[in-house]
Amino acid sequence: MRRNIVAGNWKSNELFSQADELINDIAEGLREFDNTDVDVIVCPPFPYLELVGDASEDVEFFVGAQNVSKFDNGAFTGEVSAKMLQSMNIDYCIVGHSERRKYFNETNQDVAEKVNKLLEADINPIVCVGESLAQREAGTHFDLIRSQVSEGLFHLDCEQIKKTVIAYEPVWAIGTGKTATKEQAQEVHAFIRAMLAEKYSDDVAQEVSILYGGSCNAKNARELFAQTDVDGGLIGGASLKAADFIEIARSF
Ligand code: PEP
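Reading the sequence shown from the start, the letters are residues 0 to 251 in numbering that gives the first Met the number 0.
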């Protein structure tokens, strides 16, 4: 499923009325967006999943969550299981975002377990990887990405990896206004795709969408998405402005 994808990560933003307005504006924009070659995904906070899901009944887009429990239903106060998301027809779920790795100590092992729960529930994982500024400056970014991808994903079989989306999000570019250059993005995306080809096969590697994330906006999306191995973007800040988000979806 190597598809062009634009996914909006609202993170922990918006009050209910603001979320309502934002999704209505996005749905309105998507009504005129007639491109079946691009999958648009909106990932709101948990409490707004139903609201966003309702809006997706009239207009074509997918709904994603931002996190999932590594446990099944049960005595895990505060957790949201993959089965709960499945029961709400959620299509995608972000896993291993750098903010979860940093503030909630999410490890590659946690990522692997969450990916398993999602796939069991027929939900496509969007797995985030990416280096810190210190790692890039030290030149260790490829090692870091190699371990994030292999430890988080390489237990999957061919069919499972094809249902998985990978997002390369250099931590130094997230929310900083400092975007990776198109060359930097392409270099890492090609590296990830080569890893997939080596582990699985060229054909399988060609079916996995690899998104870029990190200060991607309506101005820079086009040149990033034009790179051979960049299949779209995971968008944070710019996904909170409907017009910008739609413009980014038009950037293929
Ligand atoms: C993100 O958090 O996934 C992200 C890419 O954020 P931003 O676009 O704001 O850098």
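Even glycine gets a Cβ: it sits at the ideal position worked out from N, Cα and C. Note that this is a predicted model, so its numbers are computed, not measured.
Beta-bridge partners of residue i, as assigned by DSSP
{"i": "I209", "result": "I165"}
{"i": "N3", "result": "V37"}
{"i": "I173", "result": "Partner(s): none; I173 has no beta bridge."}
{"i": "Q124", "result": "In the sequence on display, residue 124 carries Pro and not Gln. C92."}
{"i": "C215", "result": "DSSP, once it has assigned bridges, lists no residue as partnering C215."}
{"i": "N8", "result": "C42"}
Check whether residue i and residue j have beta carbons under 8 Å apart
{"i": "Y211", "j": "G232", "result": "yes"}
{"i": "I165", "j": "I209", "result": "yes"}
{"i": "G334", "j": "D19", "result": "Any property of residue 334 remains undetermined from this structure, which presents the chain solely from 0 to 251."}
{"i": "A26", "j": "A54", "result": "yes"}
{"i": "N8", "j": "S238", "result": "yes"}
{"i": "H188", "j": "V229", "result": "yes"}
{"i": "P43", "j": "S11", "result": "no"}
{"i": "F32", "j": "I247", "result": "no"}
{"i": "K116", "j": "V67", "result": "yes"}
{"i": "K181", "j": "E222", "result": "yes"}
The ligand PEP heavy atom lying under 7 Å from the CB of residue i
{"i": "K10", "result": "yes"}
{"i": "A237", "result": "yes"}
{"i": "C215", "result": "yes"}
{"i": "L252", "result": "Look at the range of the chain in this structure, 0 to 251, and you will see that residue 252 is not part of it."}
{"i": "L233", "result": "yes"}
{"i": "I125", "result": "no"}
{"i": "G174", "result": "yes"}
{"i": "E168", "result": "yes"}
{"i": "H96", "result": "yes"}
{"i": "G212", "result": "yes"}
Residue span of the alpha helix (DSSP H) that contains residue i, given as start and end
{"i": "N107", "result": "N107 to E119"}
{"i": "L84", "result": "A81 to S86"}
{"i": "I247", "result": "A241 to A248"}
{"i": "G52", "result": "L48 to A54"}
{"i": "F75", "result": "F75 -> no alpha helix (DSSP H), and no H or E assigned at all."}
{"i": "L155", "result": "L155 -> no alpha helix (DSSP H), and no H or E assigned at all."}
{"i": "A237", "result": "Note, A237: premise wrong, no alpha helix (DSSP H); not H, not E."}
{"i": "S68", "result": "Looking at the DSSP string, S68 is not in any alpha helix (DSSP H), and its letter there is neither H nor E."}
Unbroken beta strand (DSSP E) run spanning residue i, endpoints
{"i": "A64", "result": "F61 to A64"}
{"i": "Y91", "result": "Y91 to V94"}
{"i": "L195", "result": "Counting along the chain, L195 falls outside any beta strand (DSSP E), though it belongs to the alpha helix (DSSP H) covering K181 to K198."}
{"i": "I22", "result": "Looking at the DSSP string, I22 is not in any beta strand (DSSP E); the run it does join, the alpha helix (DSSP H), is F15 to R30."}
{"i": "L233", "result": "G231 to I234"}
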